[in-house]
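Okay, structure first, notes after.
Numbering (the working numbering), first residue to last: 297 to 793.
Below you can see the structure in the form of structure tokens.
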């Protein structure tokens, strides 16, 4: 099984995908004139702007749902594997894929909003929707939908569950079988509650877990602040092959940095637009900017916190392409959450390992819940045509089975299956957003133009020549638009004619 998984990953994660992720991020950064930098303050403002309605969630809830997917085991175990197989320089390439990938996240999430629909009383959207409606390629949309259901419903949940089990076993000695049973029960309670329960759950848990983890990491870094300059120097030198110890694995630094960066922050992968499409906003670019910010939170904050802890304490291993050790700082511990637990335990004895296990539980569990929402959205897309309501029930059972299976299997197999899912989605979505970039870029220009006029931007697809934006064109009258602007300005809404 492992050999087959490795062979498939060798094809999917070829150098072509590695450089496509970086290249497309750079391309969109240039086309948007580095919107991820110019609009940074606007991202912060928009994050707390807007309210939910009976059909959708607020901007902050959509952000929390997306972060629930982005902030997961990749931020703890993923960073450890990136350093193990790519050296400290892999962290620099994780930063690069986040900085450049923020523009890709803007494009895909804006497109998700442009082409979203209202299905069974809820806003739904994502790559399958914008591929069909924007590109007119139904077959491609179906391929993406099926691939995403398989990836997020079967392949990816096992990675998160495996890391939860590993963390709990290291900290408390809990058997993986017990963890599997508890996860299945908790997951069933959440996913049978619907999107509103998912949003409410994510809104409470995600900010708490991310902030708590970053604060503890900052305390550890502050206690060892004198080592930070040398750690940063090691990261940059290793990233460009200038470090004597890790210069031979420059290619692996890029490969694993991008691979784990995309796995962690999901920029361009096509997962983010599903949650962003559920937001009730007056202009698609608003969610595009908010989702670009979520990439920063994931990689530049949370992943960096893990990386600095590992490198400052020296609790990590590095191996070359031939499997030989280049650096051994924590002998006998497999790449994964054990690195971070050991690193934190050396600074905070009796607390560190337990804290990482608890943080990892919340990180990974909310990611599994987000995976369910993504898979469910693609089933909703398919059900528009075939109307098979039982597919959702089958998905719930398959997801729970995947969690149980991933919990009791080896970490190597779980990560390998997860990488297949991430790579497959990335190939399909990146090609799609390259072909469908014009509407997203037009939205950004329109948003900036309306801002310059001093009004709260409102989206009119017909004025931008965007077709098939059915929700915006068919479900919003001029009275609704006027009411939205009035509410944004704090005035009473005008009388309906």
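Ideal Cβ positions, reconstructed from N, Cα and C, are used throughout, including at glycine.
Please report how far the alpha carbon of residue i lies from the alpha carbon of residue j, in whole angstroms.
{"i": "residue 392", "j": "residue 318", "result": "8 Å"}
{"i": "residue 441", "j": "residue 689", "result": "17 Å"}
{"i": "residue 539", "j": "residue 737", "result": "40 Å"}
{"i": "residue 653", "j": "residue 517", "result": "19 Å"}
{"i": "residue 394", "j": "residue 466", "result": "30 Å"}
{"i": "residue 315", "j": "residue 646", "result": "43 Å"}
{"i": "residue 609", "j": "residue 642", "result": "8 Å"}
{"i": "residue 305", "j": "residue 311", "result": "11 Å"}
{"i": "residue 720", "j": "residue 447", "result": "8 Å"}
{"i": "residue 357", "j": "residue 568", "result": "13 Å"}
{"i": "residue 309", "j": "residue 404", "result": "21 Å"}
{"i": "residue 789", "j": "residue 751", "result": "Note on residue 789: pLDDT 48, under 50, position unreliable in the model; the coordinate value appears next. Cα to Cα, the separation comes out at about 16 Å."}
{"i": "residue 630", "j": "residue 300", "result": "21 Å"}
{"i": "residue 549", "j": "residue 603", "result": "14 Å"}
{"i": "residue 323", "j": "residue 503", "result": "31 Å"}
{"i": "residue 617", "j": "residue 634", "result": "22 Å"}
{"i": "residue 374", "j": "residue 591", "result": "15 Å"}
If we call anything under 8 Å between Cβ atoms a contact, is residue i one with residue j?
{"i": "residue 577", "j": "residue 355", "result": "yes"}
{"i": "residue 570", "j": "residue 436", "result": "no"}
{"i": "residue 512", "j": "residue 607", "result": "no"}
{"i": "residue 541", "j": "residue 388", "result": "no"}
{"i": "residue 753", "j": "residue 746", "result": "yes"}
{"i": "residue 599", "j": "residue 390", "result": "yes"}
{"i": "residue 456", "j": "residue 660", "result": "yes"}
{"i": "residue 445", "j": "residue 671", "result": "yes"}
{"i": "residue 556", "j": "residue 430", "result": "no"}
{"i": "residue 402", "j": "residue 588", "result": "yes"}
{"i": "residue 582", "j": "residue 342", "result": "yes"}
{"i": "residue 439", "j": "residue 726", "result": "no"}
{"i": "residue 627", "j": "residue 462", "result": "no"}
{"i": "residue 692", "j": "residue 488", "result": "yes"}
{"i": "residue 396", "j": "residue 566", "result": "no"}
{"i": "residue 328", "j": "residue 580", "result": "no"}
{"i": "residue 360", "j": "residue 509", "result": "no"}
{"i": "residue 363", "j": "residue 594", "result": "yes"}
{"i": "residue 479", "j": "residue 624", "result": "no"}
Within 10 angstroms of its Cβ, does residue i collect 16 or more other Cβ (buried), or is it exposed?
{"i": "residue 534", "result": "buried"}
{"i": "residue 573", "result": "buried"}
{"i": "residue 303", "result": "exposed"}
{"i": "residue 729", "result": "buried"}
{"i": "residue 637", "result": "buried"}
{"i": "residue 722", "result": "buried"}
{"i": "residue 409", "result": "buried"}
{"i": "residue 519", "result": "exposed"}
For residue i, which of helix, strand or coil comes out of DSSP?
{"i": "residue 306", "result": "helix"}
{"i": "residue 469", "result": "coil"}
{"i": "residue 706", "result": "coil"}
{"i": "residue 609", "result": "helix"}
{"i": "residue 624", "result": "strand"}
{"i": "residue 419", "result": "strand"}
{"i": "residue 414", "result": "strand"}
{"i": "residue 575", "result": "strand"}
{"i": "residue 515", "result": "helix"}
{"i": "residue 751", "result": "coil"}
{"i": "residue 629", "result": "coil"}
{"i": "residue 792", "result": "Caution applies to residue 792, whose pLDDT of 37 falls short of 50 and renders its modelled position unreliable; the model cannot decide the point."}
{"i": "residue 615", "result": "strand"}
{"i": "residue 280", "result": "With the chain running from 297 to 793 in the structure shown, residue 280 is simply not present."}
{"i": "residue 539", "result": "coil"}
{"i": "residue 563", "result": "coil"}
{"i": "residue 335", "result": "coil"}
{"i": "residue 384", "result": "coil"}
{"i": "residue 683", "result": "coil"}
{"i": "residue 570", "result": "helix"}
Rounded to the nearest angstrom, how far is the Cβ of residue i from that of residue j, given a contact under 8 Å?
{"i": "residue 632", "j": "residue 377", "result": "7 Å"}
{"i": "residue 298", "j": "residue 717", "result": "No, residue 298 and residue 717 are not in contact; Cβ-Cβ is about 16 Å, not under 8 Å."}
{"i": "residue 614", "j": "residue 383", "result": "5 Å"}
{"i": "residue 676", "j": "residue 411", "result": "Not a contact, Cβ separation roughly 14 Å."}
{"i": "residue 794", "j": "residue 612", "result": "The structure shown has nothing for residue 794, since the chain only spans 297 to 793."}
{"i": "residue 524", "j": "residue 664", "result": "Actually they are not in contact, since the Cβ atoms of residue 524 and residue 664 sit about 34 Å apart, beyond 8 Å."}
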